[in-house]
Amino acid sequence: METRAHHVLIGLFTLLAGAAAIFFAVWLSNASSTQEYNRYTVVFKEAVTGLSRGSAVQYSGIRVGDITELRLDPADPRRVLAEIRVGADVPIKEDTRARLSFTGITGTSVIELSHGSPKSALLKSPDKSNPIIVASPSPIASLLANGEDLMTNINQLVASARLIISDENAGRIGNTLESIELATQTIAAQGDDVKVLVAELTRVSQQATQTLEQTGSLMADASTLVNDQGTRTLNGAEEALSSIARTSAVLESMLVDNSEAFANGMQGLGQLEPAINELRGSLSSLRSITRRLEDNPTRFLLGRDSLEEFEP
Numbered sequence: 017m018e019t020r021a022h023h024v025l026i027g028l029f030t031l032l033a034g035a036a037a038i039f040f041a042v043w044l045s046n047a048s049s050t051q052e053y054n055r056y057t058v059v060f061k062e063a064v065t066g067l068s069r070g071s072a073v074q075y076s077g078i079r080v081g082d083i084t085e086l087r088l089d090p091a092d093p094r095r096v097l098a099e100i101r102v103g104a105d106v107p108i109k110e111d112t113r114a115r116l117s118f119t120g121i122t123g124t125s126v127i128e129l130s131h132g133s134p135k136s137a138l139l140k141s142p143d144k145s146n147p148i149i150v151a152s153p154s155p156i157a158s159l160l161a162n163g164e165d166l167m168t169n170i171n172q173l174v175a176s177a178r179l180i181i182s183d184e185n186a187g188r189i190g191n192t193l194e195s196i197e198l199a200t201q202t203i204a205a206q207g208d209d210v211k212v213l214v215a216e217l218t219r220v221s222q223q224a225t226q227t228l229e230q231t232g233s234l235m236a237d238a239s240t241l242v243n244d245q246g247t248r249t250l251n252g253a254e255e256a257l258s259s260i261a262r263t264s265a266v267l268e269s270m271l272v273d274n275s276e277a278f279a280n281g282m283q284g285l286g287q288l289e290p291a292i293n294e295l296r297g298s299l300s301s302l303r304s305i306t307r308r309l310e311d312n313p314t315r316f317l318l319g320r321d322s323l324e325e326f327e328p
């Protein structure tokens, strides 16, 4: 009897638990069906990997709705149309943006809504169709879409690295390192000579610096001297040119004023030319007589040679 009574209690408890579960499910269904939603169409111009019907729609990280339908655009199959429903109490504005996002460790895909300034008007459709939200490109989606190209580039990079570190190139690199080590040891062994060389270079550099400073000072002095002397020279030249200009003006005035007298003088000089020629002839004859008189006065005066002295 007691065993049968326990079985009856267990069965009764099971029936009550099932009824409670059914009642809760019906209540939850009615509660969700009574909630009001606004429907929108999100347009994607990229692959929507990971999205499916029932995926969450979030606004600033909070779930506000879900996806009711996913399909390709019949007019342009490159675009994906996602029908979403969002609670009526969630303000979707004209400047609201949507993009594909990933949440959680598993990387579940969701539609993330953002922006929507308070001053912006609510997003509405001009007809009975759903208002349209154009999704922004997702960096993660672009990365996944270009993952194949990225892996190809990585493979090429690895292949190039293998060529660089091949046995032949590895030997060359080893030889280069050995040469560098040998050069380092040589420099270390000749440390004293290097110090002397550095000291000499420092001394030469200091002398060059001093020479440049002296040259600069000399050039400055020369520039000052040239400027002073040049100024005085130019002033003197300017005064001389002014004097020449004044003299030229006076001569030009004299020539203009005495042009007639100069013309008469030139005519007189033309008449004197025969007398001058005759005077030149007389001077030549007189010079010849004087030369003959100096050479042999006896012969010139007596008309014969000079007497020879008598020697007994």
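Residue numbers (our numbering): 17 to 328. Just so you know, even glycine gets a beta-carbon here, dropped at the ideal spot from N, CA and C. Values in this document were obtained by computation on a predicted structure and should not be read as measured data.
Extent of the continuous beta strand (DSSP E) run through residue i
i: I83; result: I78 to L88
i: E52; result: Where E52 is concerned, there is no enclosing beta strand (DSSP E), given that its DSSP letter is neither H nor E.
i: T119; result: T112 to T119
i: V126; result: T124 to H131
i: I100; result: V96 to G103
i: I148; result: I148 to V150
i: V73; result: A72 to Y75
Neighbourhood of residue i by C-beta distance below 6 Å, restricted to the same chain and skipping five residues each side
i: L323; result: Bear in mind that a pLDDT of 44 at L323, under 50, signals an unreliable position, so the number given afterwards is only what the model happens to contain. Answer for L323: no residue qualifies.
i: N54; result: V102 and A104
i: N191; result: none
i: S136; result: K109, E110 and D111
i: F326; result: Since pLDDT at F326 reaches only 38, below the 50 mark, its modelled position is unreliable, and the value read off the structure follows with that caveat. Excluding positions up to five away in sequence, the list is empty.
i: Q172; result: none
i: T218; result: none
8 Å Cβ shell around residue i - same chain, five flanking residues per side excluded
i: R69; result: I83, T84, E85 and L86
i: I38; result: none
i: K144; result: none
Integer Cβ distance of residue i from residue j, believed to fall under 8 Å
i: N146; j: T57; result: 4 Å
i: L88; j: I108; result: Contact flag wrong, Cβ pair sits at about 24 Å.
i: Q74; j: E128; result: 5 Å
i: V64; j: A98; result: 7 Å
i: T112; j: F118; result: 20 Å between Cβ atoms; not a contact.
Candidates the options, of which the one nearest residue i by Cα
i: R79; options: T65, G34 and S130; result: S130
i: V59; options: G132, S76, A151 and L138; result: A151
i: V106; options: A98, G81 and R95; result: G81
Close Cβ partners of residue i (< 7 Å) along its chain, the five nearest in sequence each way excluded
i: P153; result: E62
i: I148; result: T57 and V59
i: P328; result: Model confidence at P328 stands at a pLDDT of 40, short of 50, so the residue's coordinates are unreliable; what they give is reported in the following sentence. Correct list: empty, nothing qualifies.
i: R115; result: E128, A151, S152 and S154
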